[in-house]
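As structure tokens, the structure follows; a few thoughts come after it.
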Amino acid sequence: MTERRWQDWVELTLGAWLLISPFVLQYSNLAGAAAINSYVLGILVVAFASGALARPQMWEEGVNFVLGVWLFLSPMALGFSGDDIARWNHVIVGLLICADATMSWLQYPPSGKPA
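Residue numbers for the sequence shown follow the UniProt record's numbering, beginning at 1 and rising by one.
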């Protein structure tokens, strides 16, 4: 599969958002668990989305799906569920990444041919 998918651009945008969101949303602690999680996951999502734009592979969607699940669960796992802004940012972006990866899987099943 060599066709570029709009879903990869969405994931790239969401990854970039994760990188800047601690500053834009003014997280209470820019060096705390929520911010570090945003930076690390943002870099990973941007990297895999960029790779998918350069050479689309379905396994990249699987990785981004797992990253989305982690984003969704991380406020509870890392103990920042009391920070409403950071929690909701992680939950919403995580759900969007999971939905985006799922749409890509549905549009391009493992056979590599559009559905």
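We put the CB at the ideal spot given by N, CA and C, even for glycine.
- Put simply, the region 17–33 does not touch the region 48–66. Fewer than three CB pairs are less than 8 angstroms apart.
- Collapsing the DSSP output to three states places ALA101 in a helix.
- Contact between GLY15 and VAL45 holds, with the beta-carbon distance rounding to 3 angstroms and staying under 8 angstroms.
- SER74 and HIS90 have their C-alpha atoms some 8 angstroms from each other.
- Setting aside the 5 residues that flank it on each side, VAL10 is surrounded in the same chain by ASP100, each with a C-beta closer than 7 angstroms to its C-beta; the list follows chain order.
- With a threshold of 16 other beta carbon atoms within 10 Å, GLY42 meets it and is buried.
- Contact check for LEU12 against ALA49 passes: the beta carbons are separated by less than 8 angstroms.
- Taking a 10 Å sphere around the C-beta of ALA86, we find 16 or more other C-beta atoms and assign the residue as buried.
- Runs of the beta strand (DSSP E) lying entirely within the UniProt domain "SPW repeat-containing integral membrane" (6–99) and spanning at least 3 residues: none are present.
- Nearest to SER38 by C-alpha distance, out of TRP6, GLY51, LEU71, is LEU71.
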